[in-house]
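In the working numbering, the protein residues as written are 1002 to 1304. First comes the structure, then the notes that go with it.
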């Protein structure tokens, strides 16, 4: 009772904040919090379609591939925690995602058995990523580079689906007929052109690993910043030479100059904001910039 004689009303608990919801172990196992990974999961397959065309098998393969990422996420959460209670919360999504991925992967392999060859480059990359998770270094540079490389290979995998496995082991053989895709000058056609595009895809996503670190977890790390800018500059020089030789669109070479400038200017701006306002750029803002860069990548590689 209150002093006024009125009965005390029951206090209603406050609803959980978005941050509290995001940090719930069970939710984290179902929904990955690495939102930037989705562009990495979507863009490479589209690159393969742009070069080679769309195959209906992608309707099986892509859900299997995305399920594979969700499975990796669940297993990484399970491996990194030592709490029996948290592991119990993670077990259901782990089993669901693992079963989903295994079933679709098996069906896809029955339809397109030549896809088994891609286990050769992908297995070591996944092994490195899982080993880093086991050691508690899932956010290390090595882990990031291994996962981005694996994701970038999906461009070549979807191209392989488009050409129905023609071109021999990993596209290193002689195709039975001319394959789609060619550089501006026509010097590179089929798989040679596809591998160049795949390498550029891997370079782009690989470059985002140290770049994002310099924006968030490794602020004021001038060594990392210098290495990031240098790596982008090297790719920019190579793409400029390829464009001058007719083996790459000029627009894509210009994009790499923009990416090099971005890798320097954006972190320095971020650091300045932290020093002066103590309010860095929000991850959503950085995400919008990367969406624009992804769209520019697709446009410049296809014209």
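Even for Gly, the Cβ is constructed at its ideal location relative to N, Cα and C.
Any 3 or more C-beta pairs closer than 8 Å across the segment 1107-1114 and the segment 1126-1135: no
Residue 1245 versus residue 1082: straight-line alpha-carbon distance, rounded: Walking along the chain shown from the start, residue 1245 turns up at place 244. Walking along the chain shown from the start, residue 1082 turns up at place 81. Those two C-alpha atoms are separated by around 51 Å.
Put residue 1082 into one of helix, strand or coil per three-state DSSP. Translated into the one-based positions of the chain shown, residue 1082 becomes position 81. Coil.
Just to check my reading of the structure: residue 1041 and residue 1152 have Cβ atoms closer than 8 Å, yes? What is that Cβ distance to the nearest angstrom? Here residue 1041 refers to the residue found at position 40 when the chain shown is read from its first residue. Here residue 1152 refers to the residue found at position 151 when the chain shown is read from its first residue. The Cβ separation is near 5 Å, so the contact holds.
If you drop the 5 nearest sequence neighbours on each side, which residues of the same chain put their C-beta closer than 7 Å to that of residue 1023? Translated into the one-based positions of the chain shown, residue 1023 becomes position 22. Residue placement at residue 1023 cannot be trusted, given a pLDDT of 43 that sits under 50; what the coordinates show is reported in the next sentence. If we look at residue 1023 and ignore the five residues flanking it on each side, its Cβ neighbours are 1034.
Same chain, Cβ closer than 7 Å to residue 1077, neighbours up to 5 away in sequence not counted: Mapped onto the chain shown, residue 1077 falls at position 76. For residue 1077, where only same-chain residues beyond five positions count, the Cβ hits under 7 Å are 1134, 1139.
Exposed or buried, residue 1271, counting other C-beta atoms within 10 Å across all chains shown (16 or more means buried)? Here residue 1271 refers to the residue found at position 270 when the chain shown is read from its first residue. Buried, since its Cβ has 16 or more Cβ neighbours within 10 Å.
Count the other C-beta atoms from every protein chain shown that fall within 10 angstroms of the C-beta of residue 1168, then say buried if there are 16 or more, exposed otherwise. Within the chain shown, residue 1168 is the residue found at index 167, counting from 1. Buried, because 16 or more other Cβ atoms sit within 10 Å of the Cβ of residue 1168.
On a Cα-Cα basis, can you pick out the residue from 1064, 1091, 1208 that is closest to residue 1155? The residue given as residue 1155 occupies position 154 in the chain shown. Distance from the Cα of residue 1155 is smallest, within the candidate group 1064, 1091, 1208, for 1064.
Outcome for residue 1182 when other beta-carbon atoms lying within 10 angstroms are tallied against a minimum of 16: Here the question's residue 1182 lines up with position 181 in the chain shown. By the neighbour-count rule (16 or more Cβ atoms within 10 Å), residue 1182 is buried.
Specify the secondary structure class of residue 1183 as computed by DSSP and reduced to three states. Numbered from its first residue, the chain shown carries residue 1183 at position 182. Strand.
Please confirm whether residue 1237 and residue 1209 have their CB atoms less than 7 Å apart. What you label residue 1237 is simply residue 236 of the chain shown in a count that begins at 1. What you label residue 1209 is simply residue 208 of the chain shown in a count that begins at 1. Contact flag unset, no.
Would you mind sorting residue 1206 into buried or exposed? The rule is 16 or more other CB atoms within 10 Å of its CB. Locating residue 1206 in the chain shown gives position 205, counting from the first residue. So residue 1206 ends up on the buried side.
Complete alpha helix (DSSP H) runs within the segment 1049-1113 (minimum length 4 residues, chain order): 1059-1081, 1085-1112
Looking at the C-beta of residue 1149, does it have a partner C-beta in chain D at a distance below 7 Å? Absent from the structure is chain D; it holds one protein chain and no more.
According to DSSP, simplified to helix, strand and coil, what is residue 1175? For the purposes of this step, residue 1175 is identified with residue 174 of the chain shown, where counting begins at 1. Reduced to three states, the DSSP call for residue 1175 is coil.
Please report the straight-line C-alpha distance between residue 1039 and residue 1279, rounded to a whole angstrom. Position 38 of the chain shown, counted from the start, is the residue given in the question as residue 1039. Position 278 of the chain shown, counted from the start, is the residue given in the question as residue 1279. Cα-Cα distance, rounded: 29 Å.
Contact set for residue 1137: own chain, Cβ-Cβ below 8 Å, skip 5 residues either direction: Position 136 of the chain shown holds residue 1137. Closer than 8 Å at the Cβ level, and outside the excluded window around residue 1137, lie 1081.
Please list, in chain order, all residues of the same chain as residue 1174 whose beta carbon is under 8 Å from its beta carbon, the five residues on each side excluded. For the purposes of this step, residue 1174 is taken as residue 173 along the chain shown, with counting starting at 1. Result list for residue 1174: 1168, in chain order.
Do you know whose CA, among 1057, 1069, 1221, 1053, lies nearest residue 991's CA? Only positions 1002 to 1304 of the chain appear in the structure, and residue 991 is not among them; the question remains open.
So, at 6 Å on beta carbons, what are the nonlocal neighbours of residue 1218 in its own chain, with the 5 sequence-adjacent residues on each side left out? Along the chain shown, one-based indexing puts residue 1218 at 217. Scanning its chain for C-beta atoms nearer than 6 Å, with the 5 sequence neighbours on each side dropped, one finds no residue around residue 1218.
Which residue from 1212, 1241, 1192, 1295 puts its Cα closest to that of residue 1145? Walking along the chain shown from the start, residue 1145 turns up at place 144. Comparing Cα-Cα distances from residue 1145 to each of 1212, 1241, 1192, 1295, the minimum goes to 1212.
Distance, Cα to Cα, residue 1201 vs residue 1094? For the purposes of this step, residue 1201 is taken as residue 200 along the chain shown, with counting starting at 1. For the purposes of this step, residue 1094 is taken as residue 93 along the chain shown, with counting starting at 1. C-alpha separation (whole angstroms): 34 Å.
Among the residues of its own chain, which have a CB less than 7 Å from the CB of residue 1275, if the five just before and after it don't count? Taking the chain shown and counting its residues from 1, the one referred to as residue 1275 is at position 274. Around residue 1275: 1220, 1281.
Taking the alpha-carbon positions, what's the residue 1061 to residue 1091 distance? Residue 1061 sits at position 60 when you count from the first residue of the chain shown. Residue 1091 sits at position 90 when you count from the first residue of the chain shown. Their backbone Cα atoms lie some 26 Å apart in a straight line.
What's the C-alpha gap between residue 1159 and residue 1104? Numbered from its first residue, the chain shown carries residue 1159 at position 158. Numbered from its first residue, the chain shown carries residue 1104 at position 103. Those two C-alpha atoms are separated by around 19 Å.
Less than 7 Å separating the beta-carbons of residue 1231 and residue 1240? Taking the first residue of the chain shown as 1, we reach residue 1231 at position 230. Taking the first residue of the chain shown as 1, we reach residue 1240 at position 239. Not a contact, by the Cβ cut-off of 7 Å.
Within the same chain, show all residues whose beta-carbon is closer than 6 Å to that of residue 1226, passing over the 5 residues directly before and after it, in chain order. As a first step, residue 1226 is located in the chain shown; it is residue number 225 there, counting from the start. Contacts found: 1215, 1268.
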